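K.L.:
First the structure, which I've put down as structure tokens, then a few questions once you've had a look.
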Amino acid sequence: MINLDISIVYQIVLFLILWAILSKVLFKPYLGLLAEREHKTSGVQQDSGDLEREGQRLKSEYEDKIVQAQTVGYAAREAIVQEGRQQREKILSEGRDEAARMLEQIRKEIAETMDRERRFAAAEASHVAGAMVAKILGRSVQ
């Protein structure tokens, strides 16, 4: 059988005192540290999730800006190419016009020279014909 004496009461009182002391000195601080650690861990996880979402948003934004910049670049390039084509056509057109003017001028000069040479040849032919008749007939013909 179990004997109950005063030592059981002392043990219970000592246990309660030790429990109160350990609770204040050890258990509550330890549980507080565990709660703080859990809070920080979940906070860091949430922060990392927020940062990851922010990173994805920034990446998407930068990719959109890159696409916009490429579009602007392609448009500028196309405008420059188109301007170059227009300038080329203008230069070619001016060159064709100048060549046509020069060709017309040369044709005009050739026509004038031919006309002048024909008149000279006609006059010379008359003179040569007269000289030939004079030689053949032995006298001068007028």
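When we follow the numbering used here, the leftmost residue of the sequence shown carries the number 3, and every step to the right adds one.
Cβ atoms here follow ideal geometry from the backbone N, Cα and C, with glycine treated the same way.
As the structure is a computational prediction, the values presented were derived from the model and not from experiment.
May I ask which residues mark the beginning and end of the alpha helix (DSSP H) holding residue 26?
P.N.:
Unbroken run through residue 26: none, as it is neither H nor E.
K.L.:
Straight-line CA distance for residue 134 to residue 124?
P.N.:
Going from the Cα of residue 134 to the Cα of residue 124 covers about 15 Å.
K.L.:
How is the alpha helix (DSSP H) around residue 97 delimited, first residue to last?
P.N.:
Residues 30 to 139.
K.L.:
Given this structure, state the Cα-to-Cα distance separating residue 53 from residue 46, to the nearest angstrom.
P.N.:
Those two C-alpha atoms are separated by around 10 Å.
K.L.:
Could you give the DSSP three-state label for residue 142: helix, strand or coil?
P.N.:
Here residue 142 sits in coil by DSSP.
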